[in-house]
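**Student:** Here it is: the structure, laid out below.
Number of protein chains: 4
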Amino acid sequence: MTGQPSQTIRVAVLGADGRMGRAVCAAVDAAPDLDLVAQVRAGDDLAASLDGVDVAVDFTVPSVTEANVRTLVDAGVHAVVGTTGWTDESRGRISDHLAARADHGSEVGVLIAPNFGLSAVLAMTFAAKAARFFESVEVVELHHPDKIDAPSGTARHTATAIAAARREAGVAPSPDATETGLDARGADVDGVRVHAVRLRGLVAHEEILLGNEGEQLVIRQDSFDRKSFMPGVLLAIREVVSRPGLTVGLENVLDLS
Amino acid sequence: MTGQPSQTIRVAVLGADGRMGRAVCAAVDAAPDLDLVAQVRAGDDLAASLDGVDVAVDFTVPSVTEANVRTLVDAGVHAVVGTTGWTDESRGRISDHLAARADHGSEVGVLIAPNFGLSAVLAMTFAAKAARFFESVEVVELHHPDKIDAPSGTARHTATAIAAARREAGVAPSPDATETGLDARGADVDGVRVHAVRLRGLVAHEEILLGNEGEQLVIRQDSFDRKSFMPGVLLAIREVVSRPGLTVGLENVLDLS
Amino acid sequence: MTGQPSQTIRVAVLGADGRMGRAVCAAVDAAPDLDLVAQVRAGDDLAASLDGVDVAVDFTVPSVTEANVRTLVDAGVHAVVGTTGWTDESRGRISDHLAARADHGSEVGVLIAPNFGLSAVLAMTFAAKAARFFESVEVVELHHPDKIDAPSGTARHTATAIAAARREAGVAPSPDATETGLDARGADVDGVRVHAVRLRGLVAHEEILLGNEGEQLVIRQDSFDRKSFMPGVLLAIREVVSRPGLTVGLENVLDLS
Amino acid sequence: MTGQPSQTIRVAVLGADGRMGRAVCAAVDAAPDLDLVAQVRAGDDLAASLDGVDVAVDFTVPSVTEANVRTLVDAGVHAVVGTTGWTDESRGRISDHLAARADHGSEVGVLIAPNFGLSAVLAMTFAAKAARFFESVEVVELHHPDKIDAPSGTARHTATAIAAARREAGVAPSPDATETGLDARGADVDGVRVHAVRLRGLVAHEEILLGNEGEQLVIRQDSFDRKSFMPGVLLAIREVVSRPGLTVGLENVLDLS
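Protein chains in written order, with numbering that gives the first Met the number 0: chain A, 0 to 256; chain B, 0 to 256; chain C, 0 to 256; chain D, 0 to 256.
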């Protein structure tokens, strides 16, 4: 939705035959400022597929994503990575590799993001920013009832960010006089209560409630469909070209300050 | 809010110096179709205060409320009772007493209600009516953080009514694939999940979520202030005069069918 | 979701090749107590397709639905009708036809419903029931931005039902001191304010807000997907067999009293 | 809620006998890091009341507030101003006055804020930050029915900020296929639709809805009580001491970047 670059960006999609990969191909195809120049599948020779590619989007599998990114960096291709399974260690290795290349003049950018949903990423970011101004904060996440884990990874991540922001600001824990009843779906994540609702008909939703005497701020996010990730992926493609080095998290290319 | 009776109803308030009693006195005073003719306090002679009274409202204390109601019935005065502490046994005794008097031609009505909040009573009633039509149902209650119990009595009552309605209709339990995480504030009440949020700034709120594939029904109720009980009390005063015998629960005089 | 009948109901679907018809076929097929015995398409001989059919579901087109229903009634087949275009006159003709047949012992039932979404029908019904107990009531409907009309038919229908219930109970209009600003999407429907939000990402949603001093009741309904109509259609199939004569509106087979 | 300064801040309250002034006095009194050293009323000699005062809070009236602030600046006292009626011109004069004094070494800070409600200020700020990432955005504000203007000033301010952010980012207007129905309470503010709900029981609430294909972000803010302004006032007192010059808007001392 942001201002369009003057020049078309040539995009390769890695994992182009996967569920997310196909959706990315369609979204890139439909964007007037992006040009889908390569669809790379498992077994294809990646290095040989990168001629004239500006940005590669990796939605492959944990076992190959790090090697893919290394190949992209060496080829001078910017990378947007949505594949899961990255650890502090693997991110550290890519960061070191980028730094080494930068010494030789490379300006390649790599963006690794666990979540490309703009509403999800913004909800989490705003909640963390607001957390230190309120006496109380709790999180409610709501999902379809076939989900196995509770609370959701997104809600845990949100609560962790809220807890860190409050700790840093020296805010006291949310008050709670309850003497009974710790038997509901959810968890205490770093001192932040997370409630997990499971309801047929829902997809993935998160609500952060922040309260002071006489006021409440509620930040709610609804993901109705996987299509919702595409605006975030496109935005990442457009931003990564001007952000050399490693960036982790879509929120860090949103210029929210 | 319903149609006004053609004749003024003369009202006595028992416990007129208590917090709720004072609010009832003010509300009765402000209603054009009601006439506040007696304010009875602890220590006053109740029987001697009932001359010309049509309806008495009892917001006293558990230790005296049953004796009060018995006195009212004997004096032929209808009773609206908001005092807590009633049990199946004490309600049974009043019911028997009313039946015995009815044999002698008495048409006195007694309404005992644990909750006069119209939005709370309607939310609970609608949720129970809707419960058998949905695959999933969960309850979220939200209160100020000084509350000691969780979940709230109202939420427990709601969940119990939902569970009974689903059991009677032969509905399967709400689906739930969760394998982790039962460590949040709340409870499983008769198979219905109740989540309890505690947040500074809130008063008393309840949300019932009902879901089917592709759809959701949410019934939410907010009590911001004790003033919210007054419309229910006034409605009870107007209805009890035409409902001989014992009625338990405001929902039973709302004609919701 | 209600109790299962002891015997399988044999179902025909008229308009089986349409979008809704296909969804109904799939839903009937998946229901253990229903047996899909006929799929009737435009051009098929309807009368010849009804051997052994208990209930027929009509999702055809306005130009043929009345003739279809007449054929079904004559064949002794119960009818569930979701086709639009019915008028007071065409409903009257079917009602008369059913009455004439009932004189000869027919117990055929016909259910014509403009909306099979359980959450939508329940929201509307509950809102109408609650409307007389609150000083204020307003309606907010939210839809995708490609919708041409505002407010939606469902919201207009809801507001009309609310207005009728309040008028019947002698309730004053919702208070409103506003002296400026009647330039937003929506309408005043029989004295009830209806606000229309249009937002990419949404499907069809309605929220009824009811308020008294110190309290609020909110009834919200979300339709995320056409699949949400199926539980209502299945319920209608199971109920119509025991409801001779004409019934208009799904709410009238829900036994909400 | 942020980290406490090591030293107590001595506070004067101007307009100490007004509704807001009294609330500020109570809040300052209750804060362990603030010391209420002067309560100034209409008619008092302001300049003579400022001995040893670090920060003065002005909740007086439009006719005197600019003169008050000038007196405070001259006395080297930081000012937090909640009085309404400021214009671009009066703010400009104070800014010039501060600049002139700064040339002589003054580090006095003045904070003028139209709204001290943290949830309201944060909702507006987050909505403006998020606005360029979504295809659609609309605003719903909800207030008690005695309010004369619609939409509310806060909602107009929010919509203006959203419109500016979208214009700057080159985002297209929110899509809208509606061909009927512009007769509801509310307005089109710079191309952003604002809906105004009026409901007994409510106080002041605002909801910003942002939508993309398959996702929604909702930022909601509830002001239940005037007490909700106090955390913002206290935060302003603590921040103004280290922000020389003129700051307009509480959001600019919240360090939200």
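Ideal placement from N, C-alpha and C gives every residue a C-beta, glycine not left out.
These numbers were taken from a predicted model, which means no experiment stands behind them.
Select from the stretch 203-230 of chain A all residues with a C-beta closer than 7 angstroms to any C-beta belonging to chain B, and list them in chain order.
**Tutor:** 208, 210, 211, 212, 213, 214, 215
**Student:** Taking the straight line between their C-alpha atoms, what separation do you get for residue 209 (chain C) and residue 121 (chain B)?
**Tutor:** 11 angstroms
**Student:** Below 8 angstroms on C-beta distance, what does residue 174 (chain B) contact in chain A?
**Tutor:** 144, 145, 197, 199
**Student:** First and last residue of the beta strand (DSSP E) that includes residue 8 (chain C)?
**Tutor:** DSSP places residue 8 (chain C) inside the beta strand (DSSP E), whose first and last residues are 8-13.
**Student:** I want to verify the contact list: residues of chain A whose CB lies under 9 angstroms from the CB of residue 164 (chain D), in sequence order.
**Tutor:** Simply none; closest approach about 11 angstroms.
**Student:** With distances taken Cα to Cα, identify the nearest neighbour of residue 76 (chain D) among D:241, D:54, D:89.
**Tutor:** Cα-wise, what sits closest to residue 76 (chain D) is D:54.
**Student:** Under 8 angstroms between the Cβ atoms of residue 218 (chain B) and residue 136 (chain B)?
**Tutor:** no
**Student:** Give, in chain order, every unbroken run of the beta strand (DSSP E) that is at least 3 residues long and sits entirely within the stretch 110-145 of chain B.
**Tutor:** 135-142
**Student:** From residue 248 (chain A) to residue 9 (chain D), what distance separates their C-alpha atoms?
**Tutor:** 43 angstroms
**Student:** Quick one: grab the DSSP three-state call for residue 152 (chain A).
**Tutor:** helix
**Student:** In the DSSP output, what is residue 246 (chain C) paired with across the bridge?
**Tutor:** For residue 246 (chain C), which the question treats as bridged, DSSP gives the partners C:110.
**Student:** Along the chain, where does the beta strand (DSSP E) containing residue 211 (chain D) start, and where does it finish?
**Tutor:** 203-211
**Student:** Listing by chain order, which chain A residues have their CB less than 8 angstroms from the CB of residue 135 (chain B)?
**Tutor:** The answer, in chain order, is 144, 197, 198, 199, 200.
**Student:** So, helix, strand or coil for residue 185 (chain B), using DSSP?
**Tutor:** In the structure shown, residue 185 (chain B) sits in a strand (DSSP, three-state: E or B).
**Student:** Note down, in chain order, all residues in the stretch 239-253 of chain C with a beta-carbon under 7 angstroms from any beta-carbon belonging to chain D.
**Tutor:** none
**Student:** Where DSSP assigns a beta bridge to residue 214 (chain D), which residues make up the other side?
**Tutor:** DSSP, once it has assigned bridges, lists A:222, D:211 as partnering residue 214 (chain D).
**Student:** Could you have a look at residue 95 (chain A) and say whether DSSP puts it in helix, strand or coil?
**Tutor:** helix
**Student:** According to DSSP, is residue 197 (chain D) helix, strand or coil?
**Tutor:** Strand at residue 197 (chain D).
**Student:** Could you check which residue in B:204, B:255, B:253, B:12 has the C-alpha nearest to that of residue 37 (chain B)?
**Tutor:** For residue 37 (chain B), the closest alpha carbon among the candidates B:204, B:255, B:253, B:12 is that of B:12.
**Student:** Name the DSSP beta bridge partners of residue 55 (chain A), please?
**Tutor:** A:11, A:78
**Student:** State the start and end residues of the unbroken beta strand (DSSP E) segment that holds residue 37 (chain B).
**Tutor:** 33-39
**Student:** So, is residue 178 (chain D) buried or exposed, given that buried needs 16 or more other C-beta atoms within 10 angstroms?
**Tutor:** exposed
**Student:** Kindly identify the DSSP beta-bridge partner or partners of residue 192 (chain D).
**Tutor:** D:137, D:187
**Student:** How big is the Cα-Cα spacing for residue 237 (chain C) and residue 173 (chain B)?
**Tutor:** 22 angstroms
**Student:** Given a threshold of 16 other Cβ atoms within 10 Å of its Cβ, counted over all protein chains shown, does residue 6 (chain C) qualify as buried or as exposed?
**Tutor:** Exposed, by the Cβ-count rule.
**Student:** Mind pulling the chain D residues with CB within less than 8 angstroms of residue 96 (chain C)?
**Tutor:** Within 8 angstroms Cβ-Cβ: nothing; residue 96 (chain C) doesn't reach chain D, min ~36 angstroms.
**Student:** Interface residues of chain B around residue 193 (chain A) at Cβ under 8 angstroms?
**Tutor:** 183
**Student:** Any beta carbon of chain A sitting closer than 8 angstroms to that of residue 125 (chain D)?
**Tutor:** yes
**Student:** Is residue 211 (chain D) closer than 8 angstroms to residue 88 (chain D) when the C-beta atoms are compared?
**Tutor:** no
**Student:** In its own chain, which residues sit with a C-beta less than 8 angstroms from the C-beta of residue 202 (chain A), not counting the 5 before and 5 after it?
**Tutor:** 142, 143, 221, 222, 223, 224
**Student:** Per the contact definition of three or more C-beta pairs closer than 8 angstroms, is the stretch 65-74 of chain D in contact with the stretch 17-28 of chain D?
**Tutor:** no
**Student:** Indicate the three-state DSSP secondary structure (helix, strand or coil) for residue 147 (chain B) in the structure shown.
**Tutor:** coil
**Student:** For a cutoff of 8 angstroms on Cβ pairs, would you count residue 4 (chain A) as touching chain D?
**Tutor:** With a pLDDT of only 47 at residue 4 (chain A), under 50, the local geometry of the prediction cannot be trusted, and the value read off the model is given with reservation. So no, residue 4 (chain A) is outside the interface.
**Student:** Determine the closest residue to residue 15 (chain B) out of B:98, B:42, B:30, B:127, with distance taken between C-alpha atoms.
**Tutor:** B:42
**Student:** Looking at the C-beta of residue 116 (chain B), does it have a partner C-beta in chain C at a distance below 8 angstroms?
**Tutor:** yes
**Student:** Nearest by alpha-carbon distance to residue 35 (chain B): which of B:147, B:61, B:50 is it?
**Tutor:** B:50
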